[in-house]
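These notes concern the structure reproduced below.
There are 2 protein chains.
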Amino acid sequence: MPPPERPAPRVTVLAGGFGAARLLGGLVRVCEPRAVTAVVNCGDDFVLHGLYISPDLDTITYCLAGRLNAETGWGLKDDSWRALEMLQHLGGQSWFGLGDGDLGTHLYRTQRLSEGAPLSVVTAELASRWGVEVRLLPVTDDRLRTRLVIDDGDRSGTEIGFQEYFVRLHHAVAVRSVRFAGATGARPAPGVLDAIADAAALIIAPSNPIVSIGPVLALEQVRRAVAQRRAATVAISPIVAGAALRGPAGRLMSELGHESSVVGVARLYAPLAGTLVIDEADASLAPAVESEGMRCIVAPSIMHTPADAAALAHTALSAVDRPAVPSR
Amino acid sequence: MPPPERPAPRVTVLAGGFGAARLLGGLVRVCEPRAVTAVVNCGDDFVLHGLYISPDLDTITYCLAGRLNAETGWGLKDDSWRALEMLQHLGGQSWFGLGDGDLGTHLYRTQRLSEGAPLSVVTAELASRWGVEVRLLPVTDDRLRTRLVIDDGDRSGTEIGFQEYFVRLHHAVAVRSVRFAGATGARPAPGVLDAIADAAALIIAPSNPIVSIGPVLALEQVRRAVAQRRAATVAISPIVAGAALRGPAGRLMSELGHESSVVGVARLYAPLAGTLVIDEADASLAPAVESEGMRCIVAPSIMHTPADAAALAHTALSAVDRPAVPSR
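These protein sequence lines are chains A and B, in that order. Under the numbering used here, the first residue of the first sequence carries the number 1, and numbering increases by one thereafter. Under the numbering used here, the first residue of the second sequence carries the number 1001, and numbering increases by one thereafter.
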């Protein structure tokens, strides 16, 4: 009789959208996909035209299914736009891109939620239909909403939802403050706390620290659980050479009083992660990162290709001191 | 100075879906479209995948816009099906046909309703975008739902919604009873009672008397208003040679204890309409119709072409004794 197979060490990723999706695409090349859990931001979720839309969960699901439109970073590749064109013809709100195939996902999710299924269950159903083996968990099944107070002429002081900021206003307005409505009462979705506690390695994906990882950590229980695993936690900086590769992370950090640099990232993550991976472009800042109390690893962190993503995932995993399953 | 133009006599049609849509398409060829009002069944309306769907309003709007898929009698012609195919791929409910372009309509309506716009306002917006000049009014802005108790093996005695009966079960099960949930408290939409009171001619379209015209007349105020205009009201029988041309009208009438014939139709409509138009195929039943207390007009009533529909509309209008605006 052969000896029982040793279970693959578990890896859990705190995830936003596109950057996390790319990293996960690399991670499944260097470890067993079924041993990977992604705890995904759902503060971006919103209801539009009656449909419940989960942008980050969709981006990750489509990416791992090999169906993501990689040019835009959202939606299905080779999708068509007839419904949106009709909505435009009718004078409806058409600022949020809804491809025809992508709509099928939103219709499915909305119907299942209306039947009483929790978001985590619906997410698992969708992942399963796409053959995605990574376990995808929304951080919560409860309502969690990222809200931003903007500084924009007549609308200054107005609080808006994340998608309105990010998509409708192209994140081109100043932000005064960010809050995560519902975070206080929201319970982590089933499996989230265990996935953090049981992981051999915990990775904070190179997602926006404020509005992608922020909502995940806004759940006090999640934040505490991550802090308890600090030694096994590796964050990857989404800031390279002082700016985000994509999206408003750099600008948001500055506007909210953080330094838009790997040092600013280190200050945000130092209580939670023992290690920060920064890009070679920022090598000179490694001592400053270390002086924030984090181990600093300098490595290529721009994921041009899946092979780049796999190498970055490997770097992050190698950074964890003891990749064995913890004693808990 | 030329004399002021005499306003076109107003015509109001109590309408279901496809049969009414065809008739309205004919009516606008024989009278001024802006003088025509359709009071439309919304007992078929339902929410699926989070979207508020108004099948009869859509069928009429698309038909008058020249965009109806005339083969199916619902949806847009030349539509695509990517969202529905995705929904099937995901294992979702895909029994209700939702074309990609058609989805744009449902998205628009659902968003506007969620913003607090009444159904009648949204209906007018949609009609306006399509250039439809006929005034389309849902019979009510309140919730009205056609519910059927079916007789079907294990499910006998179960009450289901209209679309589940009509589309999902292909109206192939026996029906024990029909009710119109919400009819007691529902108020006629703004304009409905005036459109009935002020019309020079009132036409009951050749729609299903039980489940298409039934919900419209289930509002007591509407039924009373129509009864008061009995002399100006002409019904067109949807039953020809003992059966409906389309759909379950004949079967439903029999199952609910009515005669599936023009005489059965006459018994239902005699308190409301002074005249019944029946097809030439039923000419021999004209005396029986008249013995129910209605004037009977025998004319070709099958609308193969828009010209047929126009001729039928002309027949109905000619039947009204006094097409002048009433004294009210």
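Here a beta-carbon is modelled for each residue, glycine too, at the ideal position from N, C-alpha and C.
{"query": "Using a 10 Å radius around the Cβ and a threshold of 16 neighbouring Cβ atoms, would you call residue 283 of chain A buried or exposed?", "result": "exposed"}
{"query": "Please name the residues in the segment 134-161 of chain A whose beta-carbon is closer than 9 Å to at least one beta-carbon of chain B, in chain order.", "result": "none"}
{"query": "Could you pull out every residue in the same chain whose Cβ sits closer than 6 Å to the Cβ of residue 143 of chain A, ignoring the five residues on either side in sequence?", "result": "182"}
{"query": "Would you kindly work out how many angstroms separate the C-alpha atoms of residue 1095 of chain B and residue 103 of chain A, rounded to a whole number?", "result": "16 Å"}
{"query": "Helix, strand or coil for residue 1063 of chain B? Go by DSSP, reduced to three states.", "result": "helix"}
{"query": "Between residue 1239 of chain B and residue 88 of chain A, what straight-line distance do the alpha-carbon atoms span, to the nearest angstrom?", "result": "40 Å"}
{"query": "From residue 1043 of chain B to residue 1215 of chain B, what does the alpha carbon distance come to, in whole angstroms?", "result": "6 Å"}
{"query": "Can you name the residues that DSSP bridges to residue 1037 of chain B?", "result": "B:1012, B:1135"}
{"query": "Compute the distance between the beta-carbons of residue 1253 of chain B and residue 1302 of chain B, then report whether it is under 8 Å.", "result": "no"}
{"query": "Report the option in B:1138, B:1133, B:1218 whose CA atom is closest to the CA atom of residue 1122 of chain B.", "result": "B:1138"}
{"query": "Less than 7 Å between C-beta atoms, sequence neighbours within five positions excluded: which residues of the same chain meet that for residue 1271 of chain B?", "result": "1227"}
{"query": "Among the residues of its own chain, which have a CB less than 8 Å from the CB of residue 76 of chain A, if the five just before and after it don't count?", "result": "62, 67, 68, 69, 99, 101, 102"}
{"query": "Beta strand (DSSP E) containing residue 1276 of chain B: first to last residue?", "result": "1275-1278"}
{"query": "Pop quiz: residue 273 of chain A and residue 22 of chain A are said to be a contact at Cβ under 8 Å. What is the actual Cβ separation, rounded to whole angstroms?", "result": "19 Å between Cβ atoms; not a contact."}
{"query": "What are the residues of the segment 1039-1059 of chain B that lie near chain A, defined by any Cβ-Cβ distance shorter than 8 Å?", "result": "1047, 1048, 1049, 1050, 1051, 1052"}
{"query": "On the DSSP bridge list, what partners appear for residue 1177 of chain B?", "result": "B:1149"}
{"query": "Please confirm if the segment 1164-1182 of chain B is in contact with the segment 1191-1207 of chain B, defined as three or more CB-CB distances below 8 Å between the two stretches.", "result": "no"}
{"query": "Going by C-alpha distance, which of A:136, A:207, A:212 is nearest residue 192 of chain A?", "result": "A:136"}
{"query": "Using C-beta distances below 6 Å, list every residue in its chain close to residue 73 of chain A, excluding the 5 sequence neighbours before and after it, in chain order.", "result": "18"}
{"query": "Would you mind reading off the limits of the alpha helix (DSSP H) that contains residue 217 of chain A?", "result": "213-217"}
{"query": "What is the DSSP secondary structure of residue 1203 of chain B, reduced to helix, strand or coil?", "result": "strand"}
{"query": "Leaving out the 5 sequence neighbours to the left and right, which residues in its chain are closer than 6 Å to residue 235 of chain A when beta-carbon positions are compared?", "result": "204, 269, 273, 276"}
{"query": "If we count the other Cβ atoms within 10 Å of its Cβ and call it buried at 16 or more, is residue 1155 of chain B buried or exposed?", "result": "exposed"}
{"query": "When you compare each of A:220, A:78, A:97, A:31 to residue 54 of chain A by their alpha carbons, which one comes out closest?", "result": "A:97"}
{"query": "For the segment 92-112 of chain A, which residues have a beta carbon sitting closer than 7 Å to at least one beta carbon of chain B?", "result": "92, 93, 100, 101, 103, 104, 105, 107, 108, 110, 111"}
{"query": "Count the other CB atoms, across all protein chains shown, that sit within 10 Å of the CB of residue 188 of chain A; report buried if there are 16 or more and exposed otherwise.", "result": "buried"}
{"query": "Rounded to whole angstroms, what's the CA-CA distance from residue 1184 of chain B to residue 1047 of chain B? Just pull it up for me.", "result": "21 Å"}
{"query": "What is the rounded straight-line gap between the Cα of residue 1328 of chain B and the Cα of residue 1230 of chain B?", "result": "With a pLDDT of only 31 at residue 1328 of chain B, under 50, the local geometry of the prediction cannot be trusted, and no value is derived from it."}
{"query": "Against chain B, with Cβ distances strictly below 8 Å, would residue 126 of chain A count as a contact?", "result": "yes"}
{"query": "With a cut-off of 8 Å, does the C-beta of residue 119 of chain A fall near any C-beta of chain B?", "result": "no"}
{"query": "Terminal residues of the continuous alpha helix (DSSP H) containing residue 1046 of chain B?", "result": "Segment 1046-1048 is the beta strand (DSSP E) holding residue 1046 of chain B; no alpha helix (DSSP H) there."}
{"query": "Only counting the same chain, and skipping five residues up and downstream in sequence, which positions put a Cβ closer than 8 Å to that of residue 324 of chain A?", "result": "Note on residue 324 of chain A: pLDDT 39, under 50, position unreliable in the model; the coordinate value appears next. Result list for residue 324 of chain A: 9, 200, in chain order."}
{"query": "Between the alpha carbons of residue 1050 of chain B and residue 129 of chain A, how many angstroms are there, rounded?", "result": "21 Å"}
{"query": "Given that residue 90 of chain A touches chain C, what residues does it touch there, using C-beta distances under 8 Å?", "result": "Reference to chain C is not applicable here, since the protein chains of this structure are A and B."}
{"query": "Who are residue 161 of chain A's beta bridge partners in DSSP?", "result": "A:147"}
{"query": "Have a look at residue 307 of chain A and residue 1167 of chain B and give me their C-alpha separation to the nearest angstrom.", "result": "49 Å"}
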